[in-house]
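J.: Before I ask anything, here is the structure I am working with.
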Amino acid sequence: MQKEDFDKLKYVWEKWRDVSGRAVRQQFIEYANLTNQGALVNELKDGGELWLRPYESENFQEQIAKLYDQLSPFYQELHAYMTRYKFFFTLAVLACVGHISVESAKKTYPLRDLSVDELKAYKDTYSEKYRSEVNKQAEAEWAFQTNITDYNSEVQVNSSLELSAWLKQEWVSSISQFNLSILDVPEHADLRRWYASVEVLGIPALDDTDLAKWSQIITSMTSLYGSARICPFDNQDCNPNTDPTWSLEPDLENIFLNSMQKEDFDKLKYVWEKWRDVSGRAVRQQFIEYANLTNQGALVNELKDGGELWLRPYESENFQEQIAKLYDQLSPFYQELHAYVRYKLSQHYGADKVSPTGPIPAHILGNMWAQGWQAIFPIVSEFNSSSLDVTGAMVEQGYTVKKMFETSDNFFTGLGLESLDTAALDFYGDSMLEKPADREVVCHASAWDFMKKNKNPGDFRIKMCTSVDMDDLITIHHEMGHIQYYMQYVEQNPLFREGANPGFHEAIGDTLALSVATPVHLKKIGLLDPNFELDENSQLGFLLRMAMEKVAFLPFGYIMDLYRWKVFNGSIATENLNQEWWNLRETYQGVQSPVPRTEMDFDPGAKYHVVNDVPYIRYFVAHVLQFDFHQTLCELAGQFNPSKPDEKPLHECDIDGDKTNAGAKLKVLLQAGSSKHWAETLEGLTGHSEMTVDPLLNYFKPLRDYLKQQIALHNIPVGWSSAASESEVVPIVVGAIIATIAVATLIAFVFVRRRKARENRA
Numbered sequence: 001m002q003k004e005d006f007d008k009l010k011y012v013w014e015k016w017r018d019v020s021g022r023a024v025r026q027q028f029i030e031y032a033n034l035t036n037q038g039a040l041v042n043e044l045k046d047g048g049e050l051w052l053r054p055y056e057s058e059n060f061q062e063q064i065a066k067l068y069d070q071l072s073p074f075y076q077e078l079h080a081y082m083t084r085y086k087f088f089f090t091l092a093v094l095a096c097v098g099h100i101s102v103e104s105a106k107k108t109y110p111l112r113d114l115s116v117d118e119l120k121a122y123k124d125t126y127s128e129k130y131r132s133e134v135n136k137q138a139e140a141e142w143a144f145q146t147n148i149t150d151y152n153s154e155v156q157v158n159s160s161l162e163l164s165a166w167l168k169q170e171w172v173s174s175i176s177q178f179n180l181s182i183l184d185v186p187e188h189a190d191l192r193r194w195y196a197s198v199e200v201l202g203i204p205a206l207d208d209t210d211l212a213k214w215s216q217i218i219t220s221m222t223s224l225y226g227s228a229r230i231c232p233f234d235n236q237d238c239n240p241n242t243d244p245t246w247s248l249e250p251d252l253e254n255i256f257l258n259s260m261q262k263e264d265f266d267k268l269k270y271v272w273e274k275w276r277d278v279s280g281r282a283v284r285q286q287f288i289e290y291a292n293l294t295n296q297g298a299l300v301n302e303l304k305d306g307g308e309l310w311l312r313p314y315e316s317e318n319f320q321e322q323i324a325k326l327y328d329q330l331s332p333f334y335q336e337l338h339a340y341v342r343y344k345l346s347q348h349y350g351a352d353k354v355s356p357t358g359p360i361p362a363h364i365l366g367n368m369w370a371q372g373w374q375a376i377f378p379i380v381s382e383f384n385s386s387s388l389d390v391t392g393a394m395v396e397q398g399y400t401v402k403k404m405f406e407t408s409d410n411f412f413t414g415l416g417l418e419s420l421d422t423a424a425l426d427f428y429g430d431s432m433l434e435k436p437a438d439r440e441v442v443c444h445a446s447a448w449d450f451m452k453k454n455k456n457p458g459d460f461r462i463k464m465c466t467s468v469d470m471d472d473l474i475t476i477h478h479e480m481g482h483i484q485y486y487m488q489y490v491e492q493n494p495l496f497r498e499g500a501n502p503g504f505h506e507a508i509g510d511t512l513a514l515s516v517a518t519p520v521h522l523k524k525i526g527l528l529d530p531n532f533e534l535d536e537n538s539q540l541g542f543l544l545r546m547a548m549e550k551v552a553f554l555p556f557g558y559i560m561d562l563y564r565w566k567v568f569n570g571s572i573a574t575e576n577l578n579q580e581w582w583n584l585r586e587t588y589q590g591v592q593s594p595v596p597r598t599e600m601d602f603d604p605g606a607k608y609h610v611v612n613d614v615p616y617i618r619y620f621v622a623h624v625l626q627f628d629f630h631q632t633l634c635e636l637a638g639q640f641n642p643s644k645p646d647e648k649p650l651h652e653c654d655i656d657g658d659k660t661n662a663g664a665k666l667k668v669l670l671q672a673g674s675s676k677h678w679a680e681t682l683e684g685l686t687g688h689s690e691m692t693v694d695p696l697l698n699y700f701k702p703l704r705d706y707l708k709q710q711i712a713l714h715n716i717p718v719g720w721s722s723a724a725s726e727s728e729v730v731p732i733v734v735g736a737i738i739a740t741i742a743v744a745t746l747i748a749f750v751f752v753r754r755r756k757a758r759e760n761r762a
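Letter 115 of the sequence shown, counting from 1, is numbered 115 in the UniProt record's numbering, and no numbers are missing.
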């Protein structure tokens, strides 16, 4: 009990847990799952209910909780006495033996009272160091994603851990100790907002061992995803080490874009399945560990689970409810689009392959994940489709990848925004805009702010395996939207160099792409025939293609995080990871797997954002916000009047060149970064502080009217039955039930024997 025993006690405390608790972690998880199975066989809710049966009370847990609540004040008084009068050593011993959490220990200390000037000075010092540390971490992450090697992987992991260690050190030694009540007045709101941004440590709060494991798992999953290859359809038994193979980009994506004949049905099914074999299935166990560690990180921060940690940037206690409400308002439109597309696909492939009333097979929608359907527009559209896709014109006019980026840059500068030439150090020299032939890379398009300086020109880059086609031209505008955001808020405090919320960042480029994709704009830049007539049919064709990109995405954009929220909060059990994924895909999206799936598969892991720890609800938010932004900017530019929507339709608006009104107002939003609550930033542009789906529905109104007409005319069923997906999992479910019964019977027998033996020893 001497002061000099402090480190000795800490050593003993830690090493015992290293050789005991750590060694049985995975076994405990399996034991808990089997205990739950044993309870279920006995028609009990879970293992806890099984354990409480000897107490013969339906509310025994409530009784215990009530007793504890009665005792808690005495414990707290004792705790406070020992803390105050037995000094730091006593508190440290308590902390070491695990009776109080890091957070409660922090709250027990007398907080440090600093002046406002001292708090400002700390903010300035921290911010500059933060910028420098983020820059180093970005360099290492870029090196790894643009050249996947074991060495770069190790450097990236170490760099991530170094950043986390610094964040944790600052939080423990300083931020968590500050008394911030002095800032709870209106005149210090900005400084209080800055401290609010660093008050929750996040994942770096994990202990060093778990943090390293968390980082290594993500790096490993990302590496597997980036280097995954499958054998070609015409050489399915190839040797991957010596024979040509297909990668996701561009090989598999091109197959989905260009395979629309009836005879391509099985080829698409093969590609769909084999990609999931080499990507998702390979990371299933790692994902389970990653999810558990993410939850641990949330709990250390006194948050409920990983989902709550992910939702913190949205600064709303009911954000999930807001999203659910928005989706419910959009769902009828999606179901009408789904019905029309399914009707056309059933005609194309035959009712034996595409049920007129069931979910659509996920492999025939023109995209590896069925998240966007615009590639199959030629199958679905009754309109002249060839003139709406300007890929041919781009090729004929000699468009290069660089020219595509220059075209996008010109659009931004036409609005009075920043140019790559003046605001970026060496964008074209530093970026990776095409897929290199000499190394493995992560092709998934992304924009990067290296935080090299606090002013322009800055180090901003894009990583993308670009193809010369219209889809990638639109994607470029999306990524350039990120770059423009970076360049506009560069002078904000480094902690505020991010979108007002994550959805804002994703929405900016897409907002401007709504103008770029219009026939009006494509004619203006010479990619559409000058004689192209914007008659009713061409407008409906344009809107149908846009809906197959934007509206078709909405349920996918929602369930990607709805699924992971459910994994984090435990409502999806590890033994049902894949089945529950397909339950959500079918329920919300109306798609189904084209081949039987089992729990050996992990189909969510075939998506980049799942393996790379990227929350996805931002994309759903962005799809709502972009139409809200677009309508507001079009009103400012005098190209849309909500009281006379048919006079100048919203879908024809092109704000190109409007610096004075649209460009100026957009610049204000961008420059604010996250220095204000997103609702305030939204209101500053649109005049309202809540997200609304009305602009999206305004944009697509002519198409929706047409779809309703076609549905009535052809008696097209809307919605889908769910029996098909259930039949696909029957074999694995039956097998699992039989195995569970056998295991549970053995567990029950052993449980009774061991319980009686323990009771006798006690």
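Just so you know, even glycine gets a beta-carbon here, dropped at the ideal spot from N, CA and C.
#1: Give me the Cα-Cα distance between Leu-257 and Glu-586, rounded to the nearest whole angstrom.
#2: Could you tell me the boundaries of the alpha helix (DSSP H) in which Arg-276 lies?
#3: Taking the alpha-carbon of Arg-545 as reference, which of Glu-382, Glu-418, Ala-138 has the nearest alpha-carbon?
#4: Can you grab the Cα-Cα spacing for the pair Lys-676 / Trp-194, in whole Å?
#5: Ignoring anything shorter than 4 residues, give me the alpha helix (DSSP H) runs that lie fully in the region 111-147, in order along the chain.
#6: Is it true that the CB of Lys-435 sits closer than 9 Å to the CB of His-348?
#7: Once DSSP output is grouped into helix, strand and coil, what is the label at Asn-179?
#8: According to DSSP, simplified to helix, strand and coil, what is Lys-607?
#9: Measuring CA to CA, which of Thr-209, Pro-204, Ile-175 is closest to Ala-196?
#10: Could you compute how far the alpha carbon of Tyr-11 sits from the alpha carbon of Val-200?
#11: Nearest by alpha-carbon distance to Asn-301: which of Tyr-270, Gly-202, Asn-135 is it?
#12: I'd like the span of the beta strand (DSSP E) that includes Arg-461, first residue to last.
#13: Taking the alpha carbon of Val-395 as the reference point, which residue from Asp-694, Ala-513, Val-490, Leu-473 has its own alpha carbon closest?
#14: Determine the burial state of Met-600: buried for a count of at least 16 other Cβ atoms within 10 Å of its Cβ, exposed for fewer.
#15: Since Pro-695 and Asp-654 are thought to touch, with beta carbons under 8 Å apart, how far apart are those beta carbons, to the nearest angstrom?
#16: Buried or exposed for Phe-504, going by 16 or more other Cβ atoms inside 10 Å?
#17: Run through DSSP, which three-state label would Ser-227 get?
#18: Tell me, please, whether the region 166-186 touches the region 119-137 by the rule of three or more beta-carbon pairs shorter than 8 Å.
#19: Please report the distance separating the alpha-carbon of Glu-575 from that of Met-368.
#20: Report the CB separation of Ala-513 from His-477 in whole angstroms; it is logged as a contact under 8 Å.
#21: Counting only the same chain and skipping the five closest in sequence on each side, list residues whose C-beta sits under 6 Å from that of Ile-255.
#22: Considering only residues of the region 277-365, which uninterrupted alpha helix (DSSP H) runs meet the minimum length of 4 residues and lie entirely inside it, listed in chain order?
#23: Rounded to the nearest angstrom, how far is the Cβ of Ser-127 from that of Pro-494, given a contact under 8 Å?
#24: At the level of alpha carbons, what is the spacing between Ala-324 and Arg-17?
#25: From this set, Ser-115, Val-567, Val-341, Glu-683, which residue's C-alpha is nearest Glu-549's C-alpha?
#26: Applying the criterion that 16 or more other CB atoms from any shown protein chain within 10 Å of the CB defines a buried residue, is Glu-647 buried or exposed?
#27: Please classify Tyr-55 as buried or exposed, where buried requires at least 16 neighbouring CB atoms within 10 angstroms.
#28: Assuming the contact rule is C-beta atoms closer than 8 Å, Pro-604 and Gly-280 should be a hit. Round their C-beta distance to whole Å, please.
#29: Buried or exposed, going by whether 16 or more other CB atoms sit within 10 Å of the CB of Pro-731?
#30: Rounded to whole angstroms, what's the CA-CA distance from residue 818 to Leu-703? Just pull it up for me.
#31: Report all residues from its chain with a CB closer than 6 Å to the CB of Ala-228; omit the five preceding and five following residues, and keep chain order.
#32: Within its chain, find whatever has a CB closer than 6 Å to the CB of Gln-639; leave out the 5 residues flanking it on each side and keep chain order.
#33: Cβ of Ser-721 within 9 Å of Cβ of Gly-358?
#34: With a threshold of 16 other CB atoms inside 10 Å of the CB of Met-497, please say whether the residue is buried or exposed.
#35: Of the residues Tyr-151, Asp-352, Tyr-485, Ser-132, which one's Cα is nearest the Cα of Ala-672?
#36: How far does the beta strand (DSSP E) with Trp-448 in it extend, from its first residue to its last?
T.: Short version:
#1: As a position in the sequence shown, residue 257 is number 257, starting the count at 1. As a position in the sequence shown, residue 586 is number 586, starting the count at 1. Approximately 23 Å, taken between the alpha carbons.
#2: Along the sequence shown, read from residue 1 onward, the residue named residue 276 stands at position 276. Where Arg-276 is concerned, the enclosing alpha helix (DSSP H) stretches over 265-278.
#3: Here residue 545 refers to the residue found at position 545 when the sequence shown is read from its first residue. Of the listed residues, the one whose Cα sits closest to Arg-545 is Glu-382.
#4: Here residue 676 is taken as the residue at index 676 of the sequence shown, counted from 1. Here residue 194 is taken as the residue at index 194 of the sequence shown, counted from 1. Distance between the alpha carbons of Lys-676 and Trp-194: 10 Å.
#5: Runs found: 116-145.
#6: Translated into positions along the sequence shown, residue 348 becomes position 348. Translated into positions along the sequence shown, residue 435 becomes position 435. Their beta carbons are not under 9 Å apart, which means His-348 does not touch Lys-435 by this criterion.
#7: Numbered from its first residue, the sequence shown carries residue 179 at position 179. If DSSP states are grouped into helix, strand and coil, Asn-179 belongs with the strands.
#8: For the purposes of this step, residue 607 is identified with residue 607 of the sequence shown, where counting begins at 1. Coil at Lys-607, not helix or strand.
#9: In the sequence shown, counting from the first residue as 1, residue 196 sits at position 196. Nearest C-alpha to Ala-196 among Thr-209, Pro-204, Ile-175: Ile-175.
#10: Position 11 of the sequence shown holds residue 11. Position 200 of the sequence shown holds residue 200. Approximately 28 Å between the Cα atoms of the pair.
#11: Looking up residue 301 in the sequence shown gives position 301. Measuring from the Cα of Asn-301, the nearest candidate turns out to be Gly-202.
#12: Counted from its first residue, the sequence shown places residue 461 at position 461. Run containing Arg-461: 460-463, per the beta strand (DSSP E) assignment.
#13: What you label residue 395 is simply residue 395 of the sequence shown in a count that begins at 1. Per the Cα distances, Leu-473.
#14: Within the sequence shown, residue 600 is the residue found at index 600, counting from 1. Met-600 is exposed by the Cβ-count criterion.
#15: Start at 1 with the first residue of the sequence shown, and residue 695 comes out as number 695. Start at 1 with the first residue of the sequence shown, and residue 654 comes out as number 654. The C-beta separation of Pro-695 from Asp-654 comes to about 16 Å, leaving the pair out of contact by the 8 Å criterion.
#16: The residue you call residue 504 lines up with position 504 of the sequence shown. By the 16-neighbour rule on beta-carbons within 10 angstroms, Phe-504 is buried.
#17: As a working note, residue 227 is residue 227 in the sequence shown. Residue state, collapsed to three classes: helix.
#18: A contact is defined here as three or more CB-CB pairs under 8 Å, and the region 166-186 meets this definition with respect to the region 119-137.
#19: Taking the sequence shown and counting its residues from 1, the one referred to as residue 575 is at position 575. Taking the sequence shown and counting its residues from 1, the one referred to as residue 368 is at position 368. The C-alpha of Met-368 is placed about 25 Å away from the C-alpha of Glu-575.
#20: Translated into positions along the sequence shown, residue 513 becomes position 513. Translated into positions along the sequence shown, residue 477 becomes position 477. Ala-513 to His-477, Cβ: 4 Å. Contact.
#21: For the purposes of this step, residue 255 is taken as residue 255 along the sequence shown, with counting starting at 1. Counting only residues of its own chain and dropping the five nearest sequence neighbours on each side, Ile-255 has a CB closer than 6 Å to the CB of Val-271.
#22: Qualifying alpha helix (DSSP H) stretches, in chain order: 284-300, 306-311, 319-349.
#23: Residue 127 sits at position 127 when you count from the first residue of the sequence shown. Residue 494 sits at position 494 when you count from the first residue of the sequence shown. In this structure, Ser-127 and Pro-494 form a Cβ contact; the two beta carbons are roughly 5 Å apart against a cut-off of 8 Å.
#24: As a first step, residue 324 is located in the sequence shown; it is residue number 324 there, counting from the start. As a first step, residue 17 is located in the sequence shown; it is residue number 17 there, counting from the start. The straight-line gap from Cα to Cα measures roughly 43 Å.
#25: Position 549 of the sequence shown, counted from the start, is the residue given in the question as residue 549. The alpha carbon of Glu-549 has as its nearest neighbour, out of Ser-115, Val-567, Val-341, Glu-683, the alpha carbon of Val-341.
#26: In the sequence shown, the residue the question calls residue 647 occupies position 647. Label assigned to Glu-647: exposed.
#27: Residue 55 sits at position 55 when you count from the first residue of the sequence shown. Result: exposed.
#28: By 1-based counting over the sequence shown, the position of residue 604 is 604. By 1-based counting over the sequence shown, the position of residue 280 is 280. Going by Cβ atoms, the distance from Pro-604 to Gly-280 rounds to 7 Å, so yes, they are a contact pair.
#29: Position 731 of the sequence shown, counted from the first residue, corresponds to residue 731. At Pro-731, the pLDDT of 41 sits below 50, so the modelled position is not reliable; the number obtained from the coordinates is stated separately. Around the CB of Pro-731, fewer than 16 other CB atoms lie within 10 Å, so the residue is classed as exposed.
#30: Outside the displayed span of the chain (1 to 762) sits residue 818, for which this structure offers no information.
#31: Position 228 of the sequence shown holds residue 228. Cβ within range, chain order: Val-278, Ser-279.
#32: Start at 1 with the first residue of the sequence shown, and residue 639 comes out as number 639. Leaving aside the five residues that flank Gln-639 on each side, the residues in its chain whose CB is nearer than 6 Å to its CB run, in chain order, Lys-648, Cys-653.
#33: As a first step, residue 721 is located in the sequence shown; it is residue number 721 there, counting from the start. As a first step, residue 358 is located in the sequence shown; it is residue number 358 there, counting from the start. Taking C-beta atoms as the reference points, Ser-721 and Gly-358 count as a pair closer than 9 Å.
#34: Locating residue 497 in the sequence shown gives position 497, counting from the first residue. First, the amino acid is wrong: residue 497 is Arg here, not Met. So Arg-497 counts as buried.
#35: Counting from one through the sequence shown, the residue named residue 672 turns up at place 672. Comparing Cα-Cα distances from Ala-672 to each of Tyr-151, Asp-352, Tyr-485, Ser-132, the minimum goes to Tyr-485.
#36: Here residue 448 is taken as the residue at index 448 of the sequence shown, counted from 1. For Trp-448, the enclosing beta strand (DSSP E) stretches over residues 446-449.
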